[in-house]
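**Student:** My questions will all concern the structure given below.
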Amino acid sequence: QSVLTQPPSVSGAPGQRVTISCTGSSSNSGAGYDVHWYQQLPGTAPKLLIYGNTNRPSGVPDRFSGSKSGTSASLAIAGLQAEDEADYYCHSYDSRLSAYVFGTGTKVTVL
Amino acid sequence: EVQLVESGGGLVQPGRSLRLSCVASGFRFDDYAMHWARQVPGKGLEWVSGISWSGEAMGYADSVKGRFTISRDNGKNSLYLQMNTLRAEDTALYYCLRDGYCSSVKCHSGWFDPWGQGTLVTVSS
Numbered sequence: 159q160s161v162l163t164q165p166p167s168v169s170g171a172p173g174q175r176v177t178i179s180c181t182g183s184s185s186n187s188g189a190g191y192d193v194h195w196y197q198q199l200p201g202t203a204p205k206l207l208i209y210g211n212t213n214r215p216s217g218v219p220d221r222f223s224g225s226k227s228g229t230s231a232s233l234a235i236a237g238l239q240a241e242d243e244a245d246y247y248c249h250s251y252d253s254r255l256s257a258y259v260f261g262t263g264t265k266v267t268v269l
Numbered sequence: 111e112v113q114l115v116e117s118g119g120g121l122v123q124p125g126r127s128l129r130l131s132c133v134a135s136g137f138r139f140d141d142y143a144m145h146w147a148r149q150v151p152g153k154g155l156e157w158v159s160g161i162s163w164s165g166e167a168m169g170y171a172d173s174v175k176g177r178f179t180i181s182r183d184n185g186k187n188s189l190y191l192q193m194n195t196l197r198a199e200d201t202a203l204y205y206c207l208r209d210g211y212c213s214s215v216k217c218h219s220g221w222f223d224p225w226g227q228g229t230l231v232t233v234s235s
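Going line by line, the protein sequences match chains Z and Y. Per the working numbering, the first sequence starts with residue 159, numbered consecutively. Per the working numbering, the second sequence starts with residue 111, numbered consecutively.
Right, dumping it as structure tokens:
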């Protein structure tokens with residue numbers, strides 16, 4: 159079972175803004191470890207979306223933004239588009255487990 | 111272009127062994143730590159193992175510790191995962207990952223970029 163909790167699903171109409179939370183604990187995100195985000199389109203490998211809590215790799219639209227505060231991190235998608243339908247995962251390091259950990263994953267549906 | 115290509119997956123009986131390989135191209139392989147992660151089809155992601163640039167330090171998820179061994183050959187730009195005593199619950203798509211920031215698995219700050227396309231391991235009798 160994952161130590162990073164995400165909502166199973168979020169949805170929104172095209173153009174709307176949605177946010178995905180990633181809740182950790184004092185041994186991972188709350189201990190200061192960075193949170194990163196990945197997008198997994200159907201049938202493909204995950205792709206880096208946000209690194210170091212807030213940074214976008216080149217090529218990722220600025221509609222995607224990340225934030226972190228305490229034990230929680232969030233991914234926001236502004237101006238939702240049909241192509242954003244995918245699974246999204248957060249990722250960090252856990253010092254109690256001595257392992258990298260992924261969130262439970264969130265399916266984004268564009269209505 | 112930075113690329114990771116996995117191979118070696120397949121159908122194997124419980125208790126048997128399998129060795130996965132990953133060939134890297136498009137970047138200086140020995141500058142980066144490397145990792146394996148897995149995903150049961152339709153389910154979430156799980157980090158499996160990581161190795162430092164030199165091969166000196168490794169880390170493993172509790173679920174595979176003592177059964178899986180990660181290694182690398184920097185001269186061949188290759189990463190390996192030796193999987194022994196396989197169980198049905200090891201059935202998954204296995205991805206090869208580059209650490210986007212760290213050269214050591216003791217760094218703990220890195221992200222995973224890029225990911226390979228994955229190789230499917232099915233453990234069944």
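Beta carbons are placed, not taken as given, at the ideal position from N, Cα and C, and that holds for glycine. Everything numeric in this text was worked out from a predicted model, so none of it was measured.
(1) Chain Y partners of Z:Leu206, CB-CB under 9 Å?
(2) Under 9 Å Cβ-Cβ, which residues of chain Y neighbour Z:Tyr191?
(3) Tell me whether the beta-carbon of Y:Val158 lies closer than 7 Å to the beta-carbon of Y:Arg148.
(4) Assign Y:Ala134 to one of three DSSP states: helix, strand, or coil.
(5) Identify the continuous beta strand (DSSP E) that holds Y:Thr229 and give its terminal residues.
(6) Just the Cα atoms here: how many angstroms apart are Z:Ser184 and Z:Thr229?
(7) For Y:Leu130, does the count of other Cβ atoms within 10 angstroms reach 16, so buried, or fall short, so exposed?
(8) Give the secondary structure of Y:Asn184 by DSSP, where H, G and I count as helix, E and B as strand, and everything else as coil.
(9) Give the range of the beta strand (DSSP E) segment to which Z:Cys248 is assigned.
(10) I'd like to know if Z:Tyr246 contacts chain Y, where contact means its C-beta is closer than 7 Å to some C-beta of that chain.
(11) Determine the chain Y residues that contact Z:Thr262 at a beta-carbon separation under 9 Å, and present them in chain order.
(12) Which residues bound the beta strand (DSSP E) around Y:Gln123?
(13) Taking the Cβ atom as the reference point for each residue, do Y:Val122 and Y:Gly160 lie within a distance shorter than 7 Å?
(14) What are the start and end residues of the beta strand (DSSP E) that includes Y:Gly160?
(15) Run through chain Y and tell me which residues come within less than 8 Å of Z:Pro215, C-beta to C-beta.
(16) Y:Asp172 by DSSP, collapsed to three states: which one?
(17) Determine, using beta-carbon pairs with one atom in the segment 111-118 of chain Y and one in the segment 215-229 of chain Z, whether at least three such pairs fall under 8 Å.
(18) Does the beta-carbon distance from Z:Ala203 to Y:Gln227 come in below 7 Å?
(19) May I ask which residues mark the beginning and end of the beta strand (DSSP E) holding Y:Phe222?
**Tutor:** Reading off the structure:
(1) Start at 1 with the first residue of the first sequence, and residue 206 of chain Z comes out as number 48. Within chain Y, the residues placing a beta-carbon under 9 Å from that of Z:Leu206 are Gly210, Trp221, Phe222, Asp223, Pro224, Trp225, ordered along the chain.
(2) To locate residue 191 of chain Z, count along the first sequence from 1; it is residue 33. The contacting residues are His218, Ser219.
(3) For the purposes of this step, residue 158 of chain Y is taken as residue 48 along the second sequence, with counting starting at 1. For the purposes of this step, residue 148 of chain Y is taken as residue 38 along the second sequence, with counting starting at 1. Taking 7 Å as the cut-off, the beta carbon of Y:Val158 is found closer than this to the beta carbon of Y:Arg148.
(4) Locating residue 134 of chain Y in the second sequence gives position 24, where the first residue counts as 1. Three-state DSSP puts Y:Ala134 in a strand.
(5) For the purposes of this step, residue 229 of chain Y is identified with residue 119 of the second sequence, where counting begins at 1. Taken as a continuous stretch (DSSP letters only), the beta strand (DSSP E) holding Y:Thr229 covers 229-233.
(6) The sequence position of residue 184 of chain Z within the first sequence is 26, counting from 1. The sequence position of residue 229 of chain Z within the first sequence is 71, counting from 1. The straight-line gap from Cα to Cα measures roughly 7 Å.
(7) If you number the second sequence from 1, residue 130 of chain Y lands on position 20. Residue burial is scored here from C-beta neighbours: Y:Leu130 has at least 16 other C-beta atoms within 10 angstroms and is therefore classed as buried.
(8) Residue mapping note: residue 184 of chain Y aligns to position 74 of the second sequence, counting from 1. Annotated three-state conformation of Y:Asn184 is helix, per DSSP.
(9) Within the first sequence, numbered from 1, the residue matching residue 248 of chain Z stands at position 90. Element bounds for Z:Cys248: 244-252.
(10) Working through the first sequence from its first residue, we reach residue 246 of chain Z at position 88. It does not: the Cβ of Z:Tyr246 has no partner Cβ on chain Y nearer than 7 Å.
(11) Numbered from 1 along the first sequence, position 104 holds the residue referred to as residue 262 of chain Z. Under a criterion of Cβ atoms nearer than 9 Å, the residues of chain Y adjacent to Z:Thr262 are, in order, Gly154.
(12) As a position in the second sequence, residue 123 of chain Y is number 13, starting the count at 1. Neither: Y:Gln123 is in no beta strand (DSSP E) and is coded neither H nor E.
(13) Reading the second sequence from its first residue, position 12 is the one you call residue 122 of chain Y. Reading the second sequence from its first residue, position 50 is the one you call residue 160 of chain Y. Their beta carbons are not under 7 Å apart, which means Y:Val122 does not touch Y:Gly160 by this criterion.
(14) Within the second sequence, numbered from 1, the residue matching residue 160 of chain Y stands at position 50. Unbroken beta strand (DSSP E) run through Y:Gly160: 155-161.
(15) Along the first sequence, one-based indexing puts residue 215 of chain Z at 57. The answer, in chain order, is Asp223.
(16) One-based indexing of the second sequence puts residue 172 of chain Y at position 62. In the structure shown, Y:Asp172 sits in coil (DSSP, three-state: anything other than H, G, I, E or B).
(17) Result no; under three Cβ-Cβ pairs closer than 8 Å.
(18) Counting from one through the first sequence, the residue named residue 203 of chain Z turns up at place 45. Counting from one through the second sequence, the residue named residue 227 of chain Y turns up at place 117. For Z:Ala203 and Y:Gln227, yes; Cβs fall inside 7 Å.
(19) Taking the first residue of the second sequence as 1, we reach residue 222 of chain Y at position 112. Here the beta strand (DSSP E) through Y:Phe222 covers 222-225.
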